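Visitor:
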Ligand code: LLP
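In the working numbering, the protein residues as written are 19 to 434.
#1: Helix or strand or just coil, what does DSSP make of residue 386?
#2: Kindly list the residues whose CB is nearer than 8 angstroms to the CB of residue 187, restricted to its own chain and excluding five residues on each side of it in sequence; keep chain order.
#3: Once the 5 residues before and after residue 393 are set aside, which same chain residues still bring their CB inside 6 angstroms of it?
#4: List in chain order: all unbroken beta strand (DSSP E) runs of 3+ residues lying wholly within the stretch 143-229.
#5: Tell me, please, which residues DSSP counts as bridged to residue 417.
#6: Within the same chain, show all residues whose beta-carbon is closer than 8 angstroms to that of residue 396, passing over the 5 residues directly before and after it, in chain order.
#7: Going by Cα to Cα distance, which pick from 318, 400 and 110 is closest to residue 308?
#8: Could you compute how far the alpha carbon of residue 247 sits from the alpha carbon of residue 235?
#9: Looking only at its own chain, which residues have a Cβ that is under 6 angstroms from the Cβ of residue 385, when we skip the five neighbours before and after it?
#10: Assuming residue 88 contacts residue 109 (C-beta within less than 8 angstroms), just tell me the rounded distance between them.
#11: With H, G and I counted as helix, E and B as strand and the rest as coil, what does DSSP make of residue 307?
#12: Would you call the stretch 64-77 and the stretch 263-278 in contact, with 3 or more CB pairs under 8 angstroms?
#13: Below 6 angstroms, is the gap between the Cβ of residue 97 and the nearest heavy atom of the ligand LLP?
#14: Determine the direct distance from the alpha carbon of residue 380 to that of residue 40, and round the result to whole angstroms.
#15: Using a Cβ distance threshold of 8 angstroms, determine whether the stretch 152-159 contacts the stretch 193-209, with at least three qualifying pairs required.
#16: Taking 7 angstroms as the threshold (C-beta atoms), are residue 166 and residue 199 in contact?
#17: Closest to residue 373 by C-alpha separation, out of 216, 356 and 428, would be which residue?
#18: Compare the Cα-Cα distances from residue 221 to each of 176, 50, 204 and 27 and report the closest residue.
#19: Where does the unbroken beta strand (DSSP E) through residue 442 begin, and where does it stop?
#20: Do residue 24 and the ligand LLP come close, with the Cβ less than 6 angstroms from some heavy atom?
#21: Measure the C-alpha to C-alpha separation of residue 341 and residue 408 and round it to an integer number of angstroms.
#22: Does the beta carbon of residue 220 fall short of 6 angstroms from some heavy atom of the ligand LLP?
#23: Tell me which residues share the same chain as residue 116 and place their Cβ nearer than 8 angstroms to its Cβ, disregarding the 5 neighbours each side in the sequence.
#24: Return the residue from the list 19, 133 and 76 that minimises the CA-CA distance to residue 53.
#25: Between residue 132 and residue 86, is the Cβ-Cβ spacing less than 7 angstroms?
#26: Using only the alpha-carbon positions, how far apart do residue 333 and residue 231 sit?
#27: Applying the 10 Å Cβ sphere with the 16-neighbour rule, what's the burial state of residue 351?
#28: Between the alpha carbons of residue 237 and residue 56, how many angstroms are there, rounded?
#29: Rank 31, 285, 412 and 26 by C-alpha distance to the C-alpha of residue 303 and give the top, closest one.
#30: Taking the Cβ atom as the reference point for each residue, do residue 129 and residue 151 lie within a distance shorter than 7 angstroms?
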C-alpha cells in the first residue's frame, strides 16, 4: 500500500490533502503516514512469525519520538548507535530490554547509560571494546550481555558508502578472529555472551547477500556450540532495500521466508534491525517552488527544501521521485533540475525531471521517510523542517519547525 495517493488531482497523505498541510504548517515539511508505518511494521512481524523473533527498528533511519512511540506500541524493539538514540527510545516509551546497541565507537558514558537502562545486548565490534565494556560493567557491579558483530566479508552489491560487510570496511570483527574473541569474551567475568550479529549494508535489492551472510554466521554459531558457547539470539542486521525508482527489492515476506527458512529447527531467537524498509516509503518531503530559472543549458526549479533537509541526493547521488502536489494536466512541461537555496552546486534534490511547473507550486519528494530528517543539518543557518504525522483525517505536528533563535541560542559573542 501507499498512503500517498492522488484524489481529485491532489496528492494526499491518507485522507489529508498535502495542500492543506502546507497551508497550515508551512514548507518544507516531512509528512509521515501512521497507517503505512503500522502496516509495514506488521508485515515484518508477520513475515518472521514462523520463528521466535524480535524486530529492532534502526532508530537512525528516522528518530522522531512519535515514530518511536508508534513502533514501541506495536511491540517493536530498537537498534541504537548512541546514547542520544537510547534517550530518545526511553523518552518515547520504548523498552530497554528490547534494545540492541550497535556501533564501533561506544564511549564509556554511553556504556554506563545503556547498562543502567538494562539494554538487551551490546553488539561489540572489537577486542578493545570487549575489554572496555568488561571494565565498565565491573565498575557498576553488573554484567553486560554481548554479541560480537561479525564481518562476514560478503558483497552487499549496494552503494560503497553504505556497504558494511566487506573486509575493507571498518565494521565488525573479522570472521577469522571471531572464535578467538568469543573464547576471550567468555573468560571476562562481567560479560555474558548472548548472541551474534552482522549487518552487511543498506538498500540491498537482492536476497542472495543476506542468505550468504546468514549461512556464514550460522556456520560460526555451530562452531561456537561445539565449544559450549550457546547463543540466545542471532541478529542479522538491517539492510532490506526499498523502491525509490525502478528497483525490485525482495518483498518483506520473501525476506522473512528466507531468514526463517535458514533458521528452521534452531532455538536461537532471530533479531533483525530494519530501518529504511520500515519507514522509507512512509514519508514524503513537501516543498514549494520559489523560482523557476531558465538557464542556457538547463532549467532550474529552485525550491525551499535543500540538501540540509534531504542529503541523500547530494551525498549518494540518490534518486527520489518528485511529484506535483496538484496535478495540472493542461500545462506545458519542461525538464528541470530541482535544487535548493544552499550555496553549493551539489545542492540538488532531483535532476532532469519532466515537470509542468509554475512558481508557488508544491512538490512532494518521495521516499523521504528514511535518512531524511535524521540526516538533516542547519547548513546555511537553515532551521530544520517541521514533521507531521497523518492518521486518517488527523494531522499531528510531531516536530515544530526550528527557529533561527533556537539555532543560535547556544552560541556566545566574545567578551568585551
Ligand atoms: N543495523 C546497523 C548496524 C546499521 O548500521 C544500519 C544502517 C541498520 C541496521 C539499518 O539499515 P537499513 O535497514 O536502514 O538499511 N544514510 C544512508 C544509509 C546508512 C545506513 C547505515 N546503517 C542512506 O541514506 O542511504
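From the three backbone atoms N, C-alpha and C, an ideal C-beta is built for every residue, glycine too.
All of these numbers come straight from a predicted model, not from anything done at the bench.
Guide: Taking the structure as given:
#1: It is coil, neither helix nor strand.
#2: 169 and 181
#3: 329
#4: 162-169 and 209-215
#5: Residue pairing from DSSP places residue 417 in a beta bridge opposite 405.
#6: 326, 402, 420 and 425
#7: 318
#8: The C-alpha of residue 247 lies about 14 angstroms from the C-alpha of residue 235.
#9: These residues qualify, in order along the chain: 262, 298, 299 and 338.
#10: Contact doesn't hold; Cβ gap of about 14 angstroms is too wide.
#11: strand
#12: yes
#13: yes
#14: 8 angstroms
#15: yes
#16: Between residue 199 and residue 166, the C-beta gap is smaller than 7 angstroms, which places the two residues in contact.
#17: 356
#18: Comparing alpha carbon positions, the residue from 176, 50, 204 and 27 closest to residue 221 is 176.
#19: No statement about residue 442 is possible, as the shown extent of the chain runs from 19 to 434 and does not include it.
#20: Residue 24 Cβ: outside cutoff for every heavy atom of the ligand LLP.
#21: 19 angstroms
#22: yes
#23: 72, 74, 94, 95, 96 and 138
#24: 19
#25: no
#26: 27 angstroms
#27: exposed
#28: 35 angstroms
#29: 31
#30: yes
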